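Student:
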Amino acid sequence: MDWRSRLFGIGATAAAFLLPVAGLFLSWQAVHPLVAPAEPLVVTLQPLAAPPDPVEEVPEGPRQVEQKEQKVERKDLSDPPKVLTPLSSPTLMKLATPAPAMKVADPIPETTAPKSMPAPPATRASSDADASWEALLLAHLEKYRRFPAAARARREEGIAFVTFRMNRAGRVLSAIIGRSSGSVFLDRAALETIRRAQPLPAIPKEKADELELSVPVEFFMQQ
Numbered sequence: 001m002d003w004r005s006r007l008f009g010i011g012a013t014a015a016a017f018l019l020p021v022a023g024l025f026l027s028w029q030a031v032h033p034l035v036a037p038a039e040p041l042v043v044t045l046q047p048l049a050a051p052p053d054p055v056e057e058v059p060e061g062p063r064q065v066e067q068k069e070q071k072v073e074r075k076d077l078s079d080p081p082k083v084l085t086p087l088s089s090p091t092l093m094k095l096a097t098p099a100p101a102m103k104v105a106d107p108i109p110e111t112t113a114p115k116s117m118p119a120p121p122a123t124r125a126s127s128d129a130d131a132s133w134e135a136l137l138l139a140h141l142e143k144y145r146r147f148p149a150a151a152r153a154r155r156e157e158g159i160a161f162v163t164f165r166m167n168r169a170g171r172v173l174s175a176i177i178g179r180s181s182g183s184v185f186l187d188r189a190a191l192e193t194i195r196r197a198q199p200l201p202a203i204p205k206e207k208a209d210e211l212e213l214s215v216p217v218e219f220f221m222q223q
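Oh and the sequence shown: position 211 is 211 in full-length UniProt numbering, straight run, nothing missing.
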């Protein structure tokens, strides 16, 4: 027997052995079909809420003892500024009310001595002089009052009180807004009125060398 016959015999034997095995494999594939793998489970994780900030306990410090401030009373040596009352007429000032007339006693029978007349009180003369000078001052300031155009365009009106200090010669030493009119333009115009009106009417000789006054400067548009 040659080698070809042997090779053929070996191949036939191997085929006879493998055919049953192949049949078993095919039958197992038919009975147990391949199962598709299940889809993976997808889970979405939400971010965890940030834990609250720990509360730091501050150690209680020593209790502070409130000290009562001692109120030191300071006696104001300077007199408060005199406020001039605004009038219905911008150029005139209301004169002080005259003192009531003194009651004259019943006449005494004439004797050899001549009858004497009572002298007028000095306070009345001083009050009249103050009223005259204050009226003169207000009338003088009225000449230099100017209504600002910016306030007129905005239809702003009001009264600005200017507190100023002057010397006997009528020079203004300092000036500030004591009470605002509510308008920046009107307040500025009131200060300019005081400065523009220098020199002011001289202080009467019976008054101090320097005076601090508060005068109203009115700004109203005519209807």
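Glycine included, C-beta positions come from ideal geometry on N, C-alpha and C. Quantities reported herein were computed from a predicted structural model and do not represent experimental measurements.
Give the straight-line distance between the Cα atoms of E156 and Q222, rounded to the nearest whole angstrom.
Tutor: 12 Å
Student: Taking the alpha-carbon positions, what's the A150 to F185 distance?
Tutor: 7 Å
Student: Out of L136, D128, R154 and S132, which one is the CA nearest neighbour of F219?
Tutor: R154
Student: Could you tell me the alpha carbon to alpha carbon distance between residue 230 and S181, rounded to whole angstroms?
Tutor: The chain is shown only over 1 to 223; residue 230 falls outside these bounds and no answer can be derived.
Student: Are there 16 or more other CB atoms within 10 angstroms of the CB of D187, so buried, or fewer, so exposed?
Tutor: buried
Student: Using CA atoms only, rank isn't needed, just tell me which of A189, A169 and S174 is closest to residue 268.
Tutor: There is no way to answer for residue 268, as the model of the chain reaches only from 1 to 223.
Student: Is R171 helix, strand or coil by DSSP?
Tutor: coil
Student: Rank I177, K207 and S183 by C-alpha distance to the C-alpha of V215 and give the top, closest one.
Tutor: For the residues I177, K207 and S183, the minimum Cα distance to V215 belongs to I177.
Student: Would you list the residues sitting across from residue 264 in a DSSP beta bridge?
Tutor: Outside the shown range of the chain, which is 1 to 223, sits residue 264, and nothing can be said about it.
Student: Can you check which of these residues, V217, S174 and R146, is closest to L211 by C-alpha distance?
Tutor: S174
Student: Are K143 and A197 close, meaning C-beta to C-beta below 9 Å?
Tutor: Closer than 9 Å, so yes.
Student: Alpha carbon to alpha carbon, what distance is there between E134 and P148?
Tutor: 25 Å
Student: Tell me whether A208 is buried or exposed, calling it buried when 16 or more other Cβ atoms sit within 10 Å of its Cβ.
Tutor: exposed
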